[in-house]
Each structure stands twice: as structure tokens, then as C-alpha cells.
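Q: Each step along the sequence shown adds one to the number in the numbering used here, with nothing skipped, and position 199 is 619.
Quick reminder that beta carbons are idealized off the backbone N, C-alpha and C, glycines included.
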Amino acid sequence: MCKEGIRPGDSTSTFCGTPNYIAPEILRAEDYGFSVDWWALGVLMYEMLAGRSPFDTVGAADNPDQNTEDYLFSVILTKTIRIPRSVSVKAASILKGFLNKEPKERLGCDAQTGFEDIVSHPFFKSIDWVLLYQKQVTPPYKPRLDSETDLANFPPEFTDEPVQLTPDDPGRSRKERIHLKEGEWYEIDTLCLADGVGTGGLCESCPPPPPTDPNVAREGVRKPAQRSRRRFRLG
421 MCKEGIRPGD STSTFCGTPN YIAPEILRAE DYGFSVDWWA LGVLMYEMLA GRSPFDTVGA
481 ADNPDQNTED YLFSVILTKT IRIPRSVSVK AASILKGFLN KEPKERLGCD AQTGFEDIVS
541 HPFFKSIDWV LLYQKQVTPP YKPRLDSETD LANFPPEFTD EPVQLTPDDP GRSRKERIHL
601 KEGEWYEIDT LCLADGVGTG GLCESCPPPP PTDPNVAREG VRKPAQRSRR RFRLG
């Protein structure tokens, strides 16, 4: 999960992720933790072992109503995932473990054993986890590369595609980027600047006159340059 400050046992509720890999608890608007990562790993492993998505539906490509994100999310929430008979018993077991729709019952999500359940799973019996962590394990397959720019292992349909850069929109406000809510008060630790020019918050030692900017409570003024807690309100 790509989110700062999240530790084992912590949770968040942001709706985000690549559609095909979003876990059911996110779609149900539930608080979630690292359980969503094990679900996504299960989806990826299924694709690698079966050659298709676990949420593929026969005829969906030809049916506009079944070729939407809403339909995909419905399938993720309700469809029984069928494991191909072509995979081994160990592979089928770990796929079922990762793709359990209930996060508390999902492999790797037990409050006591957690990651140890994954390490000890029979599917990974041949893995030396210490050597793997130290990057000392020889890959089972090493593709041949003639140069650092050799793209022979990638389909031309992708490598021939023109590159379209999508930089951040500089016009987006900080409020939009960090999802702050209008009307709410927030606290930050900062430095009041020595030259008397504030940073747009309310310092504990600064009087709070009425805001002149709807997005900034006031221009704080303090001459000593020292760390203090400042409060600001949006909207």
C-alpha cells in the first residue's frame, strides 16, 4: 500500500488503486490496512499462473454493459473466483488464500501470525527468505539482453506506442492534492519566519484576526524564528 505513515494494525479509507486489483473492502467503503496488498498480489499471481484475470467474464468484451468499471467492481464483490485445474494444489491453495473476499480470513492478514502464514505456505517451501531479502537468490529465468535498451522481450504494440507525458497540473491547489475538507481546522508544526512574513497559518502566539483569504486563516506574524504549532482553517 503506497501511503505514508501506515504501520501494521493501522488503517485508512481512501478509495484508490488500479481497478482490476482493488480489494473488496475498498469497494465496500470499509477501513483497510495491508490486507489490500495481499489481495492485489493474489490477483497478480492468478494472472501469471492462469494467463487471464480472475474477473474475466465470457463475452464481456463484446458486451458494452459488461465492459465498464462498475461491472468489474460488481464482479470483484460478488463473483466466485474459480481456480483453473491446470495449476498445482499448492498454487490453488495460495490463490484461494490471497483472494478471500473477507480480509480477516485472507492469507497474511491474521492479527497474530500475519506474514508468517505466507512465509510458511507450502507454495513457498523452496524459498530461502533470508537469501531472497539479501538479493542473493538466482532468478529461475534470466532473459537475454543485447544492450540496456533491448526491447525484444516486450510486445511491439506497447513499445511502438508514442509516449504521452502526464505531469501534475500546476493549477491544482494544495487543498485538492492532500484532500483537506473545507471548514475544518488543521494543525501543523512549522517555523514562524524571522522577517515577520507568516506562512499562512495561525501560530499559537499570534492573535487570530478574521481571515482575508477564504483558503488561508491569516498571515501569521512573528519576529523570532522558532518552531511552533500553527492552526489553519479552509473555506
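#1: Could you check whether A470 and Y441 sit closer than 7 Å to each other, using their CB atoms as the reference points?
#2: Look up T432 in the DSSP assignment and say whether it is helix, strand or coil.
#3: Is Y466 helix, strand or coil when you go by DSSP?
#4: May I have the straight-line CA-CA distance separating R475 from L492, to the nearest angstrom?
#5: For a test of the three-state rule: what should DSSP assign to Y441, helix, strand or coil?
#6: In chain order, what residues of the same chain lie with their CB nearer than 7 Å to the CB of T477, ignoring the 5 residues before and after it?
#7: How big is the Cα-Cα spacing for P523 and P576?
#8: Identify whether Y561 lies in helix, strand or coil by the three-state DSSP scheme.
#9: From this set, M465, C436, D566 and L447, which residue's C-alpha is nearest K510's C-alpha?
#10: Can you tell me whether L515 is buried or exposed, with buried defined as 16 or more other CB within 10 angstroms of its CB?
#11: Please name the residue or residues paired with L452 in a DSSP beta bridge.
#12: Quick one: grab the DSSP three-state call for I514.
#13: With 16 other CB atoms within 10 Å as the buried threshold, where does T500 fall?
#14: V583 to V463, Cα distance in whole Å?
A: Let's see:
#1: no
#2: strand
#3: helix
#4: Residue 475 is actually Phe in this sequence, not Arg. If you take the alpha carbons of F475 and L492, they lie about 7 Å apart.
#5: helix
#6: Q486 and V495
#7: 39 Å
#8: coil
#9: M465
#10: buried
#11: Checking the sequence, you will find Tyr at residue 452 rather than Leu. Paired residue(s): T432.
#12: helix
#13: exposed
#14: 27 Å
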